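**Q** Below you will find the structure I want to go over with you.
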Amino acid sequence: MRTVEVNDQGHRIGETHPQAKYSNGEVAAVLVLRDQGMTYQQIAKACEMPKSTVAHICRGDRRCQTTARYSTVER
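Heads up: the sequence shown is residues 5 to 79, going by my numbering.
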């Protein structure tokens, strides 16, 4: 059994989503670097991820949901 984050509709979100490629920590690092004034290209190079992914994260297109509750799932 494993505890995962879910949104208000009960869908897995964040790094616990089965198709997640980046951890919550990596996403947080992207947002911190953007707040510090770095460009998408600079962040992409520093975090070793595509510039489009950085843009989606910073604009809130991806990984923008908040945890409503935690659920237990089997591995």
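In this text, a Cβ means the ideal position worked out from N, Cα and C, and glycines have one as well.
From a predicted model like this one, the values you see are computed outputs, not experimental measurements.
(1) Go through its chain and collect everything with a Cβ distance to Arg-67's Cβ below 6 Å, but skip five positions before and after it.
(2) What number of angstroms, rounded off, separates the C-alpha of Lys-55 from the C-alpha of Thr-70?
(3) In the DSSP assignment, the alpha helix (DSSP H) including Arg-6 goes from what residue to what residue?
(4) Where in the region 21-70 do unbroken runs of the alpha helix (DSSP H), each at least 4 residues long, occur, reported from the N-terminal end onward?
(5) Provide the residue span of the beta strand (DSSP E) that contains Arg-73, from first to last.
(6) In whole angstroms, what separates the C-alpha of Arg-73 from that of Asn-11?
(7) Quick check on this structure: which residue in Arg-63, His-15 and Arg-16 has the alpha carbon closest to the alpha carbon of Leu-35?
**A** Looking at the coordinates:
(1) Counting only Cβ-Cβ distances below 6 Å, and skipping sequence neighbours, we find Val-31 and Ile-61.
(2) Inter-residue distance for Lys-55 and Thr-70 is about 23 Å (C-alpha atoms, whole angstroms).
(3) In the DSSP assignment, Arg-6 falls outside any alpha helix (DSSP H) and within the unbroken beta strand (DSSP E) covering 6-10.
(4) Here the runs fully enclosed are 28-39, 44-51 and 55-63.
(5) Taken as a continuous stretch (DSSP letters only), the beta strand (DSSP E) holding Arg-73 covers 73-77.
(6) Near 7 Å, if we compare the C-alpha coordinates of Asn-11 and Arg-73.
(7) In this structure, Arg-63 is the residue among Arg-63, His-15 and Arg-16 with its C-alpha nearest to the C-alpha of Leu-35.
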